[in-house]
Amino acid sequence: MITTPSPSYSITVRLEIANQVGMFGKIATTIGETAGDIGAVDIVRAGKGFMVRDFTINARDEAHEKEIVDAIRKISGVRVIHVTDRTFLQHLGGKIEIHPKVPVKNRNDLSRIYTPGVARVCSAIWKESEKAYRFTIKRNTVGIITDGSAVLGLGNIGPLAALPVMEGKAMLFKEFAHIDAFPICLATTDTEEIIQTVKNIAPVFGGINLEDISAPRCF
Numbered sequence: 005m006i007t008t009p010s011p012s013y014s015i016t017v018r019l020e021i022a023n024q025v026g027m028f029g030k031i032a033t034t035i036g037e038t039a040g041d042i043g044a045v046d047i048v049r050a051g052k053g054f055m056v057r058d059f060t061i062n063a064r065d066e067a068h069e070k071e072i073v074d075a076i077r078k079i080s081g082v083r084v085i086h087v088t089d090r091t092f093l094q095h096l097g098g099k100i101e102i103h104p105k106v107p108v109k110n111r112n113d114l115s116r117i118y119t120p121g122v123a124r125v126c127s128a129i130w131k132e133s134e135k136a137y138r139f140t141i142k143r144n145t146v147g148i149i150t151d152g153s154a155v156l157g158l159g160n161i162g163p164l165a166a167l168p169v170m171e172g173k174a175m176l177f178k179e180f181a182h183i184d185a186f187p188i189c190l191a192t193t194d195t196e197e198i199i200q201t202v203k204n205i206a207p208v209f210g211g212i213n214l215e216d217i218s219a220p221r222c223f
């Protein structure tokens with residue numbers, strides 16, 4: 005249980021504030037009295053008789069977030085415009101995506117990266133499989149495999165709910181090792197099915213990372 009404010013529970017509260025002396029102090033005091041931890045404070049815009057500011061606040065948990073916002077709402081001359089959960093905001097639409105390494109701007113580009121030119125590369129790999137490490141993503145790509153049965157401190161939450169964690173792991177691979185990793189969350193907890201699935205998809209990857217699979221199956 006988190007007993008002190010944490011970045012895991014960070015909110016940005018957008019406030020319309022009456023342009024009067026002492027208003028900022030009232031808001032800061034209220035947040036402090038509810039044990040909120042103020043981070044950044046940004047001016048969004050100023051109007052006639054009011055100021056709009058974003059207050060970034062760390063809390064202990066979701067209940068504490070609500071307590072802080074409710075206290076702010078009670079301040080005379082302050083209107084809460086909206087509240088953003090910064091953790092959920094960072095996960096909006098997923099945390100990873102795929103970008104092409106070479107441009108496709110005309111027919112000539114297309115004919116080399118796809119048909120008919122790509123057939124030459126396919127034929128070269130068919131004749132000499134080791135060339136896949138040179139001419140495909142294989143040498144620098146890892147598959148992150150999970151069945152969602154032992155995810156962090158959450159336990160067996162299943163493959164879909166495990167996806168945000170696997171996306172995060174893929175980000176760590178890229179940020180710290182410049183390795184491209186992709187999450188693969190399997191809708192099975194059968195050991196033999198997992199083994200066979202990994203074998204079947206292995207041609208794409210230079211490595212496989214088994215992640216958050218419950219014991220003893222993980223061994």
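When we follow my numbering, the leftmost residue of the sequence shown carries the number 5, and every step to the right adds one. We treat Cβ as the ideally placed atom computed from N, Cα and C, and that holds for glycine. From a predicted model like this one, the values you see are computed outputs, not experimental measurements.
- With 16 as the cutoff for other CB atoms within 10 Å, does C126 come out buried or exposed? Stepping through the sequence shown from its first residue, residue 126 is reached at position 122. Exposure of C126 is indicated by the presence of fewer than 16 other C-beta atoms within 10 angstroms of its C-beta.
- Applying the criterion that 16 or more other CB atoms from any shown protein chain within 10 Å of the CB defines a buried residue, is A181 buried or exposed? For the purposes of this step, residue 181 is taken as residue 177 along the sequence shown, with counting starting at 1. Exposed: under 16 other Cβ atoms inside 10 Å.
- Query: Given that a residue counts as buried once 16 or more other Cβ atoms are within 10 Å of its Cβ, and exposed if not, what is L156?
  - Reply: For the purposes of this step, residue 156 is identified with residue 152 of the sequence shown, where counting begins at 1. It counts as exposed.
- Classify R57 as buried or exposed, calling it buried when 16 or more other Cβ atoms lie within 10 Å of its own Cβ. Numbered from its first residue, the sequence shown carries residue 57 at position 53. Buried is the call here.
- Message: If I measure Cβ to Cβ from T201 and keep anything under 7 angstroms in the same chain, skipping five residues before and after, which residues do I get?
- Response: Sequence index remark: in the sequence shown, residue 201 carries index 197 (1-based). Taken in chain order, the residues that qualify are L190.
- Item | Sequence-distant residues of the same chain with beta carbon closer than 7 angstroms to G29, five excluded per side | Taking the sequence shown and counting its residues from 1, the one referred to as residue 29 is at position 25. The beta carbon of G29 lies closer than 7 angstroms to none in the same chain, with the five residues before and after it left out.
- Message: Please tell me whether D151 and A166 are closer than 9 angstroms, where the distance is taken between their beta carbons.
- Response: For the purposes of this step, residue 151 is identified with residue 147 of the sequence shown, where counting begins at 1. For the purposes of this step, residue 166 is identified with residue 162 of the sequence shown, where counting begins at 1. Yes, they are a contact pair.
- Message: Just to confirm my understanding: we take T145, look at its own chain, exclude 5 residues before and 5 after, and list those with CB closer than 6 angstroms. What are they?
- Response: Mapped onto the sequence shown, residue 145 falls at position 141. So the list reads D184, F209, G210, once near-sequence residues are dropped.
- Item | Simplified DSSP state of P207, which is helix, strand or coil | Your numbering for residue 207 matches position 203 in the sequence shown. The answer is helix: DSSP assigns P207 an H, G or I state.
- Confirm, please, whether the CB-CB distance from E69 to V48 is below 9 angstroms. The residue labelled residue 48 in the question sits at position 44 within the sequence shown. The residue labelled residue 69 in the question sits at position 65 within the sequence shown. When the beta-carbon positions are compared, V48 and E69 stay at least 9 angstroms from each other.
- Option nearest V169 by Cα separation, candidates I148, K142, R77: In the sequence shown, the residue the question calls residue 169 occupies position 165. The shortest CA-to-CA distance from V169 to any of I148, K142, R77 is the one to I148.
- Report all residues from its chain with a CB closer than 7 angstroms to the CB of G98; omit the five preceding and five following residues, and keep chain order. In the sequence shown, the residue the question calls residue 98 occupies position 94. Correct list, in chain order: E171.
- Is it a yes or a no for the region 100 to 119 touching the region 37 to 54, going by three-plus beta-carbon pairs under 8 angstroms? Fewer than three beta-carbon pairs drawn from the region 100 to 119 and the region 37 to 54 are found closer than 8 angstroms, and the two stretches are therefore not classed as touching.
- Tell me whether S10 sits in a helix, a strand or coil according to DSSP, three-state version. Here the question's residue 10 lines up with position 6 in the sequence shown. Look at S10 here: in three-state DSSP terms it is strand.
- Give, in chain order, every unbroken run of the beta strand (DSSP E) that is at least 3 residues long and sits entirely within the region 153 to 193. The region 153 to 193 contains these whole beta strand (DSSP E) runs: 184 to 189.
- Specify, as a first and last residue, the run of the alpha helix (DSSP H) that N112 falls within. On the sequence shown, position 108 is the one that residue 112 refers to. For N112, the enclosing alpha helix (DSSP H) starts and ends at 111 to 117.
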